[in-house]
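Colleague:
There are 2 protein chains.
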Amino acid sequence: MARPVQQRRVTIVDVARHAQVSTTAVSKVLRNAYGTSPAMRQKVHQAIADLGYRPSAAARGLRGQTYTLGVMVPDIANPFFPEVLNGVTASLDSTDYQVLLAPGCAGEQAEARTIDSMIDRSMDGIILIAPVSPRAHLEHIAGIIPTVIVGRHARSAIFDTVADDDIAGAALVVDHLVELGHRRIAHIEHLETEPSCIEEMPNMIRAEGYRIAMRHRGLESEIDVVSRTYTREGGYTGARELLGRPQRPTAIFAGADIAAMGVLDAVAEAGLSVPEDISVAGYDNTTFASFSQVSLTSVDQAGWQIGADAARLLLERIADRSRRSAQVKLSPSLVVRNTTAPPPAR
Amino acid sequence: MARPVQQRRVTIVDVARHAQVSTTAVSKVLRNAYGTSPAMRQKVHQAIADLGYRPSAAARGLRGQTYTLGVMVPDIANPFFPEVLNGVTASLDSTDYQVLLAPGCAGEQAEARTIDSMIDRSMDGIILIAPVSPRAHLEHIAGIIPTVIVGRHARSAIFDTVADDDIAGAALVVDHLVELGHRRIAHIEHLETEPSCIEEMPNMIRAEGYRIAMRHRGLESEIDVVSRTYTREGGYTGARELLGRPQRPTAIFAGADIAAMGVLDAVAEAGLSVPEDISVAGYDNTTFASFSQVSLTSVDQAGWQIGADAARLLLERIADRSRRSAQVKLSPSLVVRNTTAPPPAR
DNA sequence: ACTGTCGTGGGTAACGTTGCCCAAATGTTT
DNA sequence: AAACATTTGGGCAACGTTACCCACGACAGT
Numbered sequence: 001m002a003r004p005v006q007q008r009r010v011t012i013v014d015v016a017r018h019a020q021v022s023t024t025a026v027s028k029v030l031r032n033a034y035g036t037s038p039a040m041r042q043k044v045h046q047a048i049a050d051l052g053y054r055p056s057a058a059a060r061g062l063r064g065q066t067y068t069l070g071v072m073v074p075d076i077a078n079p080f081f082p083e084v085l086n087g088v089t090a091s092l093d094s095t096d097y098q099v100l101l102a103p104g105c106a107g108e109q110a111e112a113r114t115i116d117s118m119i120d121r122s123m124d125g126i127i128l129i130a131p132v133s134p135r136a137h138l139e140h141i142a143g144i145i146p147t148v149i150v151g152r153h154a155r156s157a158i159f160d161t162v163a164d165d166d167i168a169g170a171a172l173v174v175d176h177l178v179e180l181g182h183r184r185i186a187h188i189e190h191l192e193t194e195p196s197c198i199e200e201m202p203n204m205i206r207a208e209g210y211r212i213a214m215r216h217r218g219l220e221s222e223i224d225v226v227s228r229t230y231t232r233e234g235g236y237t238g239a240r241e242l243l244g245r246p247q248r249p250t251a252i253f254a255g256a257d258i259a260a261m262g263v264l265d266a267v268a269e270a271g272l273s274v275p276e277d278i279s280v281a282g283y284d285n286t287t288f289a290s291f292s293q294v295s296l297t298s299v300d301q302a303g304w305q306i307g308a309d310a311a312r313l314l315l316e317r318i319a320d321r322s323r324r325s326a327q328v329k330l331s332p333s334l335v336v337r338n339t340t341a342p343p344p345a346r
Numbered sequence: 347m348a349r350p351v352q353q354r355r356v357t358i359v360d361v362a363r364h365a366q367v368s369t370t371a372v373s374k375v376l377r378n379a380y381g382t383s384p385a386m387r388q389k390v391h392q393a394i395a396d397l398g399y400r401p402s403a404a405a406r407g408l409r410g411q412t413y414t415l416g417v418m419v420p421d422i423a424n425p426f427f428p429e430v431l432n433g434v435t436a437s438l439d440s441t442d443y444q445v446l447l448a449p450g451c452a453g454e455q456a457e458a459r460t461i462d463s464m465i466d467r468s469m470d471g472i473i474l475i476a477p478v479s480p481r482a483h484l485e486h487i488a489g490i491i492p493t494v495i496v497g498r499h500a501r502s503a504i505f506d507t508v509a510d511d512d513i514a515g516a517a518l519v520v521d522h523l524v525e526l527g528h529r530r531i532a533h534i535e536h537l538e539t540e541p542s543c544i545e546e547m548p549n550m551i552r553a554e555g556y557r558i559a560m561r562h563r564g565l566e567s568e569i570d571v572v573s574r575t576y577t578r579e580g581g582y583t584g585a586r587e588l589l590g591r592p593q594r595p596t597a598i599f600a601g602a603d604i605a606a607m608g609v610l611d612a613v614a615e616a617g618l619s620v621p622e623d624i625s626v627a628g629y630d631n632t633t634f635a636s637f638s639q640v641s642l643t644s645v646d647q648a649g650w651q652i653g654a655d656a657a658r659l660l661l662e663r664i665a666d667r668s669r670r671s672a673q674v675k676l677s678p679s680l681v682v683r684n685t686t687a688p689p690p691a692r
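These protein sequence lines map, in sequence, to chains A and B.
Counted the way the numbering used here counts, the first sequence spans residues 1 to 346.
Counted the way the numbering used here counts, the second sequence spans residues 347 to 692.
In structure tokens:
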């Protein structure tokens with residue numbers, strides 16, 4: 001049972017002594033600051049390598065930067081978010097920044113706690129994916145720490161946003177289904193509990209896009225929305241309600257793939273087959289939509305690209321906190337697969 | 347374009363002044379340390395609430411604890427890991443600890459960088475899920491920071507481990523298939539590039555468990571393992587190779603659900619149907635295995651429980667760094683669904 | 001009344017890093 | 001040769017928190 005020797009961490013002072021320069025000099029070399037000769041840089045780098053020195057993020061945080069960026073995801077089990085995250089990390093690969101992910105933020109209160117804890121840890125910037133906090137609270141946060149908001153359709157002077165054009169995305173689905181001959185097209189939305197930000201949330205915009213597209217196609221009377229959550233469970237119970245209608249819909253458009261999976265469960269349970277008896281479409285084009293066993297028609301919103309753009313904007317804002325804010329809006333595209341087909345002849 | 351006032355952060359000094367006590371007193375109250383009267387606690391709590399004070403993790407880190415725990419996951423797109431993570435966060439909900447996730451660690455080098463960056467950030471402890479670093483390196487890390495290793499079948503004096511009994515899990519699958527009448531059962535394993543830790547990795551143990559179970563059933567001559575990775579792509583190419591055999595297997599056991607999904611893709615592409623022409627089984631029992639469209643037979647290794655145990659062990663080790671190490675081994679169970687059936691009559 | 005003991009509170013020096021300043025040496029212009 | 005600019009390096013004081021001490025008063029036991 002060897003008890004390990006508790007070695008003291010190598011600090012900048014050790015490096016300075018070993019290289020026979022001042023700590024200031026080492027610090028300058030570390031940050032490529034002005035006022036270092038090539039000879040000194042060489043000595044310092046050698047000493048760093050010899051001693052295996054690594055700067056303490058805590059000490060740096062106390063002085064300013066930590067080279068840490070935080071990403072908040074609402075639901076880690078939703079396979080769309082890993083794609084966004086991969087875009088973020090890919091953009092940051094060549095930089096000194098480390099990304100840390102704060103998981104499990106269900107609801108406004110948990111979200112606030114999570115964001116606070118990222119601020120407490122002196123992160124240099126944060127990316128919030130589909131946050132549910134009120135607009136004013138987001139502005140407040142962005143005043144404290146550089147912030148990029150993903151998914152919310154908001155415009156602010158102090159934070160940047162990256163979002164998909166959800167109105168267009170919903171229209172893609174409705175148009176596709178109408179062209180196949182469907183008229184009774186129902187939608188499952190994600191119901192926001194917080195009324196303060198309803199009109200900005202992507203889920204609400206998707207539902208609105210669905211309504212607009214239906215009206216545009218002269219199907220106002222067929223509009224049928226059930227409110228659940230973007231989860232498998234939400235899709236399942238929503239679909240059960242829809243399947244229980246006297247006139248059941250011939251197509252169900254779920255606002256997220258994860259909900260569409262629940263819809264497929266319910267449809268299978270009801271003994272119906274897809275797409276013969278009923279068509280199903282999702283949103284996000286997650287990897288699971290593309291599995292041969294599922295083959296779900298879905299709207300692709302380029303999660304990777306969203307993440308990459310968010311990371312880029314965040315770096316820009318960290319570099320210049322007073323720069324004008326940017327709003328990136330990406331166009332979705334429809335990926336047609338095997339869960340949508342013409343409605344059954346009657 | 348209102349430029350926000352850059353408010354200075356509220357510090358312990360502000361709280362102390364507002365409550366008319368010393369900073370030491372405030373610090374004591376914050377940590378429930380000895381030497382505080384109820385009256386003082388009351389005053390301090392009031393001041394904290396009035397000012398909205400939050401301790402700086404950076405400053406705390408410089409002195410010792412940061413109340414931050416790190417979790418490293420090898421692949422965030424693998425849906426098994428979110429389940430483990432949920433177990434971790436659930437155990438920590440009632441504590442002051444915040445969990446941060448370090449994503450994207452493909453390969454030994456990226457893994458080392460990620461772990462280093464967690465150490466640099468003075469985290470109080472880390473949970474490493476299926477790390478690929480050599481054993482000696484893990485011991486070195488555990489000497490620096492309290493560490494729990496998930497998935498590796500290792501025993502160390504200074505770190506704790508939580509793992510599934512992969513030998514038993516593989517046997518569950520083989521036995522199930524044999525009892526259905528299969529003989530030509532192939533396995534897709536995850537090939538480790540690092541030879542230093544091969545015998546400890548869960549993937550290698552699953553493959554070994556497969557071999558043992560096959561021998562035990564008198565099917566040594568039928569053993570057929572293809573080496574890929576636990577990804578959808580790996581499952582896909584592995585299955586294509588197996589389907590191209592002169593005598594193709596009647597069942598494929600993929601070492602992970604995510605690989606099994608790729609197997610299903612390849613089987614569908616080959617125009618075969620599951621389970622009529624070929625049976626498929628996975629490992630992990632991820633949510634996607636349970637989707638009605640997939641309905642994959644899989645080994646459940648209780649990801650949530652694994653995460654919960656890992657978090658518990660980590661807290662115990664943080665509390666007492668010299669306590670004896672523990673090895674938790676969880677028993678897997680088989681969940682039979684619709685991708686396994688008797689082999690086709692010939 | 002005199003010593004201990006306990007409960008309560010505060011003073012102070014780190015922890016590791018960096019931004020601001022100044023000093024010395026070197027180079028350049030008048 | 002003097003005045004000035006530039007380069008190169010270092011000293012020092014924070015940043016916010018906590019561990020370790022010590023001081024004071026109250027109270028009990030001799």
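Beta carbons are placed, not taken as given, at the ideal position from N, Cα and C, and that holds for glycine.
Only a predicted model underlies this, so the values are computations on that prediction, with no experimental measurement involved.
When you compare only the Cα positions, how much space is there between Ala58/A and Ala456/B?
Modeller: Each residue's alpha carbon lies about 22 Å from the other.
Colleague: On the three-state DSSP scale, how would you describe Arg486/B?
Modeller: First, the amino acid is wrong: residue 486/B is His here, not Arg. In the structure shown, His486/B sits in a helix (DSSP, three-state: H, G or I).
Colleague: Measure from the C-beta of Met550/B to each C-beta in chain A and report whether the shortest distance is under 7 Å.
Modeller: No, Met550/B lies away from the interface with chain A (no Cβ there is under 7 Å from its Cβ).
Colleague: So, helix, strand or coil for Gly303/A, using DSSP?
Modeller: In the structure shown, Gly303/A sits in a helix (DSSP, three-state: H, G or I).
Colleague: Consult DSSP for Tyr399/B and reduce its assignment to one of helix, strand or coil.
Modeller: Three-state DSSP puts Tyr399/B in coil, outside helix and strand.
Colleague: In terms of residue numbering, what span does the beta strand (DSSP E) encompassing Ile475/B cover?
Modeller: Per DSSP, Ile475/B belongs to the beta strand (DSSP E) from Gly471 to Ile475.
Colleague: Quick one: which residues of the region 35-69 of chain A get their C-beta closer than 9 Å to a C-beta of chain B? List them in chain order.
Modeller: Against chain B - using a Cβ distance shorter than 9 Å - the residues of the region 35-69 of chain A are Arg54, Pro55, Ser56, Ala57, Ala58, Ala59, Arg60, Gly61, Leu62, Arg63, Thr66, Tyr67 and Thr68.
Colleague: Give me the Cβ distance between Gly169/A and Ile145/A, rounded to the nearest whole Å; I'm assuming they're in contact under 8 Å.
Modeller: At roughly 30 Å, the Cβ-Cβ gap does not stay under 8 Å, so Gly169/A and Ile145/A are not in contact.
Colleague: Assign Tyr582/B to one of two classes, buried (16 or more other C-beta atoms within 10 Å of its C-beta) or exposed (fewer than that).
Modeller: Tyr582/B is buried by the Cβ-count criterion.
Colleague: According to DSSP, simplified to helix, strand and coil, what is Gly416/B?
Modeller: Reduced to three states, the DSSP call for Gly416/B is strand.
Colleague: Return the first residue and the last residue of the alpha helix (DSSP H) that Phe80/A is part of.
Modeller: Its alpha helix (DSSP H) spans residues Phe80 to Leu92.
Colleague: Within the 7 Å Cβ cut-off, does Gln293/A reach chain B?
Modeller: At least one chain B Cβ lies under 7 Å of Gln293/A.
Colleague: Tell me, please, whether the region 648-658 of chain B touches the region 597-609 of chain B by the rule of three or more beta-carbon pairs shorter than 8 Å.
Modeller: With the cut-off at 8 Å, the region 648-658 of chain B and the region 597-609 of chain B do not touch.
Colleague: Which residues in the same chain have their Cβ closer than 7 Å to the Cβ of Glu269/A, if we skip the five residues on either side of it in sequence?
Modeller: Result list for Glu269/A: empty, nothing under 7 Å.
Colleague: Less than 7 Å between CB atoms is the rule here; does Arg317/A satisfy it with respect to chain B?
Modeller: Chain B contact via Cβ: absent.
Colleague: Who are the neighbours of Ala268/A on chain B, taking C-beta pairs under 8 Å?
Modeller: Under the 8 Å cutoff, chain B gives Ser638 and Gln639.
Colleague: I'd like to confirm the pairing. Which residues does DSSP put opposite Phe253/A in its beta bridges?
Modeller: Answer by DSSP bridge pairing, in chain order: His187/A and Ala281/A.
Colleague: Where does the unbroken beta strand (DSSP E) through Ile76/A begin, and where does it stop?
Modeller: Taken as a continuous stretch (DSSP letters only), Ile76/A belongs to no beta strand (DSSP E), as it is neither H nor E.
Colleague: Return no unless some Cβ of chain A is closer than 7 Å to the Cβ of Ala456/B.
Modeller: Cβ-Cβ to chain A under 7 Å: no for Ala456/B.
Colleague: Report the residues of the region 458-491 of chain B with a CB closer than 7 Å to any CB of chain A, ordered along the chain.
Modeller: Cβ contacts with chain A: Asp462, Ser463, Asp466, Arg467, Ser468 and Gly489.
Colleague: Name the two residues that bound the continuous alpha helix (DSSP H) containing Ser641/B.
Modeller: No alpha helix (DSSP H) contains Ser641/B, which DSSP labels as neither H nor E.
Colleague: For Leu376/B, report the span of its alpha helix (DSSP H) as first-last.
Modeller: Per DSSP, Leu376/B belongs to the alpha helix (DSSP H) from Thr369 to Leu376.
Colleague: How big is the Cα-Cα spacing for Val645/B and Ile604/B?
Modeller: Approximately 13 Å between the Cα atoms of the pair.
Colleague: Keeping to the same chain, check which residues put their C-beta closer than 8 Å to that of Ala2/A; ignore five residues upstream and five downstream.
Modeller: Caution is warranted here: a pLDDT of 37 is assigned to Ala2/A, below 50, making its placement in the model unreliable, and no coordinate value can be reported.
Colleague: What first and last residue would you give for the alpha helix (DSSP H) that runs through Asp510/B?
Modeller: Where Asp510/B is concerned, there is no enclosing alpha helix (DSSP H), although the beta strand (DSSP E) it sits in stretches over Asp506 to Asp510.
Colleague: Here's a check: name, in chain order, each residue in its chain whose Cβ is nearer than 7 Å to the Cβ of His364/B, leaving out the five neighbours to either side.
Modeller: Taken in chain order, the residues that qualify are Ala393, Asp396 and Leu397.
Colleague: Any residues in the region 626-660 of chain B with a beta carbon nearer than 9 Å to a beta carbon of chain A? Which ones, in chain order?
Modeller: Of all residues in the region 626-660 of chain B, Thr633, Phe634, Ser636, Phe637, Ser638, Gln639, Val640, Ser641 and Leu642 have a Cβ within less than 9 Å of some Cβ in chain A.
Colleague: Can you tell me whether Thr370/B is buried or exposed, with buried defined as 16 or more other CB within 10 angstroms of its CB?
Modeller: It counts as exposed.
Colleague: Under 7 Å, Cβ to Cβ, is there at least one residue of chain B near Asp96/A?
Modeller: No, Asp96/A lies away from the interface with chain B (no Cβ there is under 7 Å from its Cβ).
Colleague: Secondary structure at Leu334/A, three-state DSSP: helix, strand or coil?
Modeller: Reduced to three states, the DSSP call for Leu334/A is strand.
Colleague: To the nearest angstrom, how far is it from the Cα of Leu313/A to the Cα of Pro449/B?
Modeller: Near 20 Å, if we compare the C-alpha coordinates of Pro449/B and Leu313/A.
Colleague: So the alpha helix (DSSP H) Ala289/A belongs to, where does it begin and stop?
Modeller: Per DSSP, Ala289/A belongs to no alpha helix (DSSP H) and is neither H nor E.
Colleague: Is it buried or exposed, Ile198/A, if we count other Cβ atoms within 10 angstroms and call 16 or more buried?
Modeller: Exposed: under 16 other Cβ atoms inside 10 Å.
Colleague: Per DSSP, what kind of secondary structure is Ala362/B in: helix, strand or coil?
Modeller: Ala362/B: helix per DSSP, three-state reduction.
Colleague: Determine the extent of the beta strand (DSSP E) in which Asp224/A is found, giving its start and end residues.
Modeller: Asp224 to Arg228 is the span of the beta strand (DSSP E), which, as asked, contains Asp224/A.
Colleague: With H, G and I counted as helix, E and B as strand and the rest as coil, what does DSSP make of Val205/A?
Modeller: Residue 205/A is actually Ile in this sequence, not Val. Helix at Ile205/A.
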